[in-house]
Amino acid sequence: MNLNRYWYVYAVSNILLLALGAMVNDGLASWSISIFLAGPCIIAPALRLTPGWLLLSLAVTGLAVDAWLPTPPGFLMSLLIGGALMVLFMRRWLGRVRRVGQVALAWLANGFCFAAFTLWAATSNHATGVNFIERAAVDLGLSQIVVIPISLWLFDLQDSALAFAGLTAPPPRDAEAG
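Each residue of the sequence shown is one higher than the last, beginning at 8 in the working numbering.
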């Protein structure tokens with residue numbers, strides 16, 4: 008199977024999701040809340056692509072989104088790749104992952120990426136205290152609630168985009184296959 012045609016579909020759909028998330032966060036800024044949606048971007052490529060194409064897809068996604076984030080260059084890219092490496096490590100034990108399992112993995116990956124992002128924000132801005140902890144807790148709760156329907160939408164969008172491009176969705180890869 009020629010997987011080198013799949014990576015760009017995943018990269019573009021992930022950039023679309025993160026751009027839509029940025030627009031939603033812009034609207035929520037007046038309420039001092041935000042959502043974090045990095046977790047769903049990791050799962051489908053990590054389950055379906057070989058490691059080389061996975062890294063390329065997430066590197067393109069991360070660098071494109073890092074251009075508009077107030078983080079150091081490559082920060083989101085490193086979060087995405089770190090989450091994908093965890094999924095790659097677990098892939099041999101996961102077996103065939105159904106949609107519910109993919110959503111659960113996206114939920115866990117989103118929590119991991121949110122924790123890493125919050126840790127960076129706390130150390131770089133020296134913003135600790137009750138207000139910071141309350142805001143982080145609210146943002147985490149809202150993000151984890153929203154990530155479930157967003158994950159379902161993204162996975163269907165990726166499958167539809169692959170079909171539109173004349174490709175079939177690659178099956179989740181087994182440990183034996185690579």
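The C-beta atom is built at its ideal place from N, Cα and C for all residues, glycine as well.
Would residue i and residue j qualify as a contact pair, given that the criterion is a beta-carbon distance under 8 Å?
i: Asp73; j: Leu83; result: yes
i: Leu87; j: Thr68; result: yes
i: Gly118; j: Gln165; result: no
i: Trp14; j: Leu63; result: yes
i: Leu174; j: Ser20; result: no
i: Asp120; j: Gly28; result: It is worth fixing the name first, because residue 120 is Cys in this sequence and not Asp. Taking 8 Å as the Cβ cut-off, Cys120 and Gly28 do not qualify as a contacting pair.
Who are the Cβ neighbours of residue i in its own chain at under 6 Å, not counting the five residues just before and after it?
i: Leu126; result: none
i: Pro80; result: Asp73
i: Glu183; result: With a pLDDT of 44 at Glu183, under the threshold of 50, the predicted position of this residue should be treated as unreliable, though the coordinate-derived value follows. The answer is none, since no qualifying residue turns up.
i: Leu23; result: none
i: Val153; result: Ile42
I'd like the list of long-range same chain contacts for residue i, defined as Cβ closer than 8 Å, with 5 residues on each side in sequence excluded.
i: Ala172; result: Arg12 and Val16
i: Ala168; result: Val16, Val19 and Ser20
i: Gly108; result: Leu101
i: Asn32; result: Ser41 and Ile42
Near residue i, which residues of its chain fall below 7 Å by C-beta distance, leaving aside the five closest residues on each side in sequence?
i: Leu10; result: Residue placement at Leu10 cannot be trusted, given a pLDDT of 49 that sits under 50; the coordinates are not used to answer.
i: Glu6; result: Because the chain is modelled from 8 through 185, residue 6 falls outside the range shown and cannot be assessed.
i: Phe139; result: Ala129
i: Phe124; result: Phe43 and Leu86
i: Ser37; result: none
Rounded to the nearest angstrom, how far is the Cβ of residue i from that of residue j, given a contact under 8 Å?
i: Ala116; j: Gly90; result: 4 Å
i: Leu25; j: Cys48; result: 7 Å
* To do: Please go through the region 65-150 and give each complete beta strand (DSSP E) segment of 3 or more residues, from N-terminal end onward.
  => none
* Taking 8 Å as the threshold, find out whether the region 49-59 comes into contact with the region 111-124 through three or more Cβ pairs. => yes
* Touch test, the region 156-166 against the region 42-51, Cβ-Cβ under 8 Å, three pairs minimum -> yes
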